[in-house]
Amino acid sequence: MPSATDHSVALATYIGAFFDELIRGGVSAVVVSPGSRSTPLSMMAYASDLDVYVDVDERGAAFFALGLAKATGQAVAVICTSGTAVANYYPAVLEAESSRVPLLVLSGDRPARLQQLGAPQTCDQLKIFGNHARQFWNMPEPRGAIEQVRYARQVAREALVALAPQTLVSAPVHINFPFDEPLVPAYDRAGVFELGRAASHDELPLLIEPSCALMPDQVAELERLLEGKRAIALCGEGTLGVFNACVSASWDMRDESARALLSWARRFDIPLLADPLSQLRNYADAEIIDNYDNIFGRETCPEFDVVVRFGRYPVSKRIFKTLETKPHIQIVVDSLETRDFDAATTTFVKCDPLAFVTSFGGASETSEKASTPNIDRWAEANEAEAALITSVEDASFVYTCTREGCFNQEIALEGAYVQALIEHAAPRSLIFSANSMAIRALDTFYVKPSTPDAGVIELGAPRARRACDVTLLANRGLNGIDGTLSSALGAAQAYDQTYFLTGDLTLLHDLNAFALQHEFELRAASGKPMPSIIVILFNNGGGGIFDMLPQKSSDPYFERLFLTPQQVDFEACGKLFGVLYKNVSGLDEFRATLDSWSGTGGIHLLEVDFSLEGLAGRFRQFQ
21 MPSATDHSVA
31 LATYIGAFFD
41 ELIRGGVSAV
51 VVSPGSRSTP
61 LSMMAYASDL
71 DVYVDVDERG
81 AAFFALGLAK
91 ATGQAVAVIC
101 TSGTAVANYY
111 PAVLEAESSR
121 VPLLVLSGDR
131 PARLQQLGAP
141 QTCDQLKIFG
151 NHARQFWNMP
161 EPRGAIEQVR
171 YARQVAREAL
181 VALAPQTLVS
191 APVHINFPFD
201 EPLVPAYDRA
211 GVFELGRAAS
221 HDELPLLIEP
231 SCALMPDQVA
241 ELERLLEGKR
251 AIALCGEGTL
261 GVFNACVSAS
271 WDMRDESARA
281 LLSWARRFDI
291 PLLADPLSQL
301 RNYADAEIID
311 NYDNIFGRET
321 CPEFDVVVRF
331 GRYPVSKRIF
341 KTLETKPHIQ
351 IVVDSLETRD
361 FDAATTTFVK
371 CDPLAFVTSF
381 GGASETSEKA
391 STPNIDRWAE
401 ANEAEAALIT
411 SVEDASFVYT
421 CTREGCFNQE
431 IALEGAYVQA
441 LIEHAAPRSL
451 IFSANSMAIR
461 ALDTFYVKPS
471 TPDAGVIELG
481 APRARRACDV
491 TLLANRGLNG
501 IDGTLSSALG
511 AAQAYDQTYF
521 LTGDLTLLHD
531 LNAFALQHEF
541 ELRAASGKPM
551 PSIIVILFNN
561 GGGGIFDMLP
571 QKSSDPYFER
581 LFLTPQQVDF
591 EACGKLFGVL
601 YKNVSGLDEF
611 RATLDSWSGT
621 GGIHLLEVDF
631 SLEGLAGRFR
641 QFQ
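The opening position of the sequence shown corresponds to residue 21 in the numbering used here, with each subsequent residue numbered one higher.
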């Protein structure tokens with residue numbers, strides 16, 4: 021029987037080699053949920069070159085890791101102990117699968133000798149996430165053999181291949197590690213990370229995922245289909261990449277992708293209907309139709325007979341209803357699957373959007389000067405809707421305030437605050453949106469730049485960057501409200517400045533995440549950067565989204581079961597977690613607070629009160 025020292029060394033070399041291989045494959049961050057059985061994983065991660073975050077709430081920790089992975093495109097590991105801890109990762113794994121995020125779950129477990137015998141904190145963790153994890157490994161218990169060390173390295177490499185980071189086909193992976201006692205590894209022993217390391221070639225990445233290119237005959241067939249047709253392109257999440265958007269080169273790459281997409285659109289006279297998560301609303305080009313949701317609600321909506329869809333379906337629900345009633349050809353361009361719950365796909369092109377549009381070649385000078393009557397029709401309709409939507413700043417409603425010492429007053433509408441956020445967002449910042457009303461408010465009121473010099477891309481030349489280039493992210497895989505603040509805080513680690521737009525129920529659901537303020541302070545004390553994060557809370561005292569859904573009723577069940585009005589003192593919540601708080605009562609104060617807090621490290625909570633009553637009407641007058 022090996023001694024405790026031999027066992028500790030075996031733990032260190034086994035897990036050290038595993039983490040070393042992950043780091044060599046591009047993993048740079050890990051989120052630790054503290055626990056006992058995961059001690060070898062946590063301690064070796066801490067001793068490695070990984071950037072370690074600690075979050076005591078397992079559910080929040082997994083969503084924090086998901087947010088960081090979503091923002092960077094890089095695989096992020098999350099570590100937990102056995103039992104219910106790993107079950108708390110389930111919601112984030114589901115979201116990672118649906119959103120195609122490279123989330124790596126590393127769970128500690130009891131050894132085989134304690135399984136199915138009623139041992140404490142022990143449950144069946146084998147494939148606990150079912151088919152929602154792309155790959156699963158149950159690792160052997162470390163015994164000190166070099167063959168095991170090499171196996172650990174190979175599993176790390178295989179996991180990275182399955183995670184597919186920095187691609188549009190990423191997925192979660194789960195690796196389970198049974199450990200027997202003693203659990204403390206010899207983490208400070210020399211050479212524990214190098215054992216079994218193969219020769220490396222720095223110029224060669226572990227995973228090379230080539231982009232597809234259409235064959236010439238396929239391009240010709242699609243050209244025949246698109247030429248002369250009244251086509252539109254639905255541009256959803258995934259149309260333009262956001263990986264590492266905090267890095268200058270990646271912002272430029274996003275511009276290059278937009279330039280290629282616009283060139284293709286002009287060539288075939290196809291308007292680009294831009295979902296807020298497409299990232300296309302950073303650009304002012306006439307081809308970009310940002311107010312399409314309103315246009316689909318008009319009898320004057322331009323006709324179309326071909327639809328090209330890039331990425332996920334847009335947020336807009338009107339699109340579904342319109343497509344159901346209008347016969348059309350639908351071409352879905354996606355790297356993995358159709359994601360077509362309407363069963364309307366005519367042709368599926370398994371390809372990422374950039375590779376698809378560049379397969380048609382660059383736009384010729386003739387095509388650039390050619391008339392675009394289809395785009396012109398949509399652009400004219402878009403401008404008319406923009407005039408309506410931007411008039412929200414001039415509108416107001418009487419707000420019946422329930423706060424002590426507060427009086428009824430006329431205040432601006434939610435849409436005016438959304439537009440103020442877009443206007444005052446710091447350059448190259450992140451806006452993370454909650455689901456429900458937050459993403460719908462952005463879909464309606466986040467409009468593209470209004471002047472050509474603010475965002476038009478001149479083909480063949482770099483464009484002048486406008487003041488508020490932003491990335492917009494949200495957990496739209498399963499559209500849940502759980503873990504949203506945690507996700508935003510994780511994504512914020514990739515940006516200097518982040519704004520998180522949320523409602524009160526969503527924030528209440530993940531209130532524990534504010535405890536990460538202390539984690540950020542500890543990291544700052546050790547020399548790590550502390551991003552600035554402004555949480556913008558639209559507080560209407562309940563589930564405002566249901567005011568716009570079919571469940572709406574004057575019967576008592578509606579308020580009790582759906583609106584669920586809340587009376588939460590968020591100022592007290594801020595004090596509880598050491599988060600700077602302010603309640604603002606007007607647009608001027610809102611703008612001034614955004615400007616004064618921007619660039620200040622840590623979490624800030626900015627609350628704006630709205631009335632739950634009449635919410636649907638306030639939105640619909642601009643739709």
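Positions of the beta carbon are idealized from the N, C-alpha and C atoms, including for glycine.
With 16 other CB atoms within 10 Å as the buried threshold, where does residue i fall?
| i | result |
| --- | --- |
| Phe427 | Confidence is the limiting factor: at Phe427 the pLDDT is only 44, short of 50, which leaves the residue's position unreliable, though a coordinate-based value still follows. It counts as exposed. |
| Ile228 | exposed |
| Pro482 | Low confidence applies here, because Pro482 scores a pLDDT of 36, under 50, leaving its location unreliable; read the following figure in that light. Per the 10 Å Cβ criterion, exposed. |
| Ser546 | exposed |
| Ala179 | buried |
| Glu115 | buried |
| Asp660 | In the structure as shown, the chain begins at 21 and stops at 643. Residue 660 is therefore absent and cannot be evaluated. |
| Val438 | buried |
| Thr92 | buried |
| Pro347 | exposed |
| Tyr66 | exposed |
| Leu581 | exposed |
Can you grab the Cα-Cα spacing for the pair residue i / residue j, in whole Å?
| i | j | result |
| --- | --- | --- |
| Ser384 | Phe288 | Reliability fails at Ser384, whose pLDDT of 48 lies under 50, so the model's placement of it is uncertain and no value is given. |
| Ile195 | Glu117 | 16 angstroms |
| Glu591 | His538 | 17 angstroms |
| Tyr444 | Val628 | Before going further, note that residue 444 is His rather than Tyr in the sequence given. Cα-Cα distance, rounded: 16 angstroms. |
| Pro393 | Arg250 | 9 angstroms |
| Ser605 | Leu441 | 15 angstroms |
| Asn151 | Asp354 | 21 angstroms |
| Pro192 | Arg173 | 19 angstroms |
| Gln586 | Leu528 | 9 angstroms |
| Tyr466 | Arg318 | 20 angstroms |
| Ala95 | Ser449 | 21 angstroms |
| Gln517 | Phe540 | 14 angstroms |
| Phe520 | Ala494 | 10 angstroms |
| Ala304 | Val113 | 36 angstroms |
| Thr378 | Glu241 | 15 angstroms |
| Leu607 | Leu42 | 47 angstroms |
| Pro236 | Gln350 | 21 angstroms |
| Leu600 | Pro551 | 14 angstroms |
| Asp295 | Ala390 | 27 angstroms |
| Pro111 | Gln141 | 20 angstroms |
| Asp620 | Arg611 | The sequence given here has Thr at residue 620, not Asp. Spanning the two alpha carbons is a distance of roughly 15 angstroms. |
| Phe639 | Leu203 | 57 angstroms |
| Met457 | Lys341 | 20 angstroms |
| Ile99 | Phe368 | 38 angstroms |
| Gly138 | Phe642 | 60 angstroms |
| Met17 | Glu257 | Any answer about residue 17 is impossible in this case: the structure gives the chain only from 21 up to 643. |
| Phe597 | Leu183 | 34 angstroms |
| Pro576 | Thr584 | 11 angstroms |
| Gly381 | Ser411 | 40 angstroms |
| Phe452 | Leu492 | 6 angstroms |
| Glu403 | Leu300 | 16 angstroms |
For residue i, list the residues DSSP reports as bridge partners.
| i | result |
| --- | --- |
| Val74 | Val52 |
| Ala197 | Here residue 197 is Phe; the residue named in the question, Ala, does not match the sequence. Bridge partners of Phe197: Gly128. |
| Ile553 | Thr518, Ile623 |
| Val490 | Ser449 |
| Trp157 | Ile195 |
| Phe639 | Answer by DSSP bridge pairing: none, since Phe639 is not bridged. |
| Ala251 | Val326 |
| Ala294 | Cys255 |
| Val628 | Phe558, Val604 |
| Gly523 | Phe558 |
| Leu536 | Paired residues: none, contrary to the question. |
May I ask you to check if the CB of residue i is nearer than 6 angstroms to at least one heavy atom of the ligand NAP?
| i | result |
| --- | --- |
| Thr142 | Only the bare structure without any ligand can be found here, which leaves the ligand NAP out of the picture. |
- Just checking, does the segment 40 to 52 make contact with the segment 492 to 509 on the three C-beta pairs under 8 angstroms criterion? In this structure the segment 40 to 52 does not touch the segment 492 to 509; the number of beta carbon pairs closer than 8 angstroms is below three.
- Query: Taking one C-beta from the segment 162 to 178 and one from the segment 230 to 239 each time, how about it: are there three or more such pairs within less than 8 angstroms?
  - Reply: The segment 162 to 178 vs the segment 230 to 239: no contact.
- Looking at C-beta atoms only, is the number of pairs between the segment 28 to 40 and the segment 76 to 84 that lie closer than 8 angstroms three or more? The segment 28 to 40, when compared against the segment 76 to 84, does not touch it at the 8 angstroms Cβ threshold.
- Item | beta strand (DSSP E) runs contained entirely in the segment 163 to 198, provided each spans 3 or more residues | Correct list: 193 to 198.
- Query: Counting only runs that start and end within the segment 75 to 104, where is the alpha helix (DSSP H) found for 4 or more residues in a row?
  - Reply: Qualifying alpha helix (DSSP H) stretches, in chain order: 78 to 92.
- Which residue spans inside the segment 305 to 376 form an unbroken alpha helix (DSSP H) run of at least 4? Listed in chain order, they are 312 to 316, 338 to 345.
- Does the pairing of the segment 240 to 249 with the segment 308 to 328 give three or more beta-carbon distances under 8 angstroms? Yes: at least three Cβ pairs fall under 8 angstroms.
- Please go through the segment 589 to 615 and give each complete beta strand (DSSP E) segment of 3 or more residues, from N-terminal end onward. For the segment 589 to 615, the full-length beta strand (DSSP E) segments reaching 3 residues or more read 600 to 604 along the chain.
- With a cut-off of 8 angstroms, do at least 3 Cβ pairs link the segment 197 to 217 to the segment 24 to 32? With a cut-off of 8 angstroms, the segment 24 to 32 and the segment 197 to 217 count as touching, because enough Cβ pairs lie within range.
- Task: Entirely within the segment 25 to 52 and at least 3 residues each: give me those beta strand (DSSP E) ranges in chain order.
- Result: Entirely contained in the segment 25 to 52, the beta strand (DSSP E) runs reaching 3 residues are, in chain order, 49 to 52.
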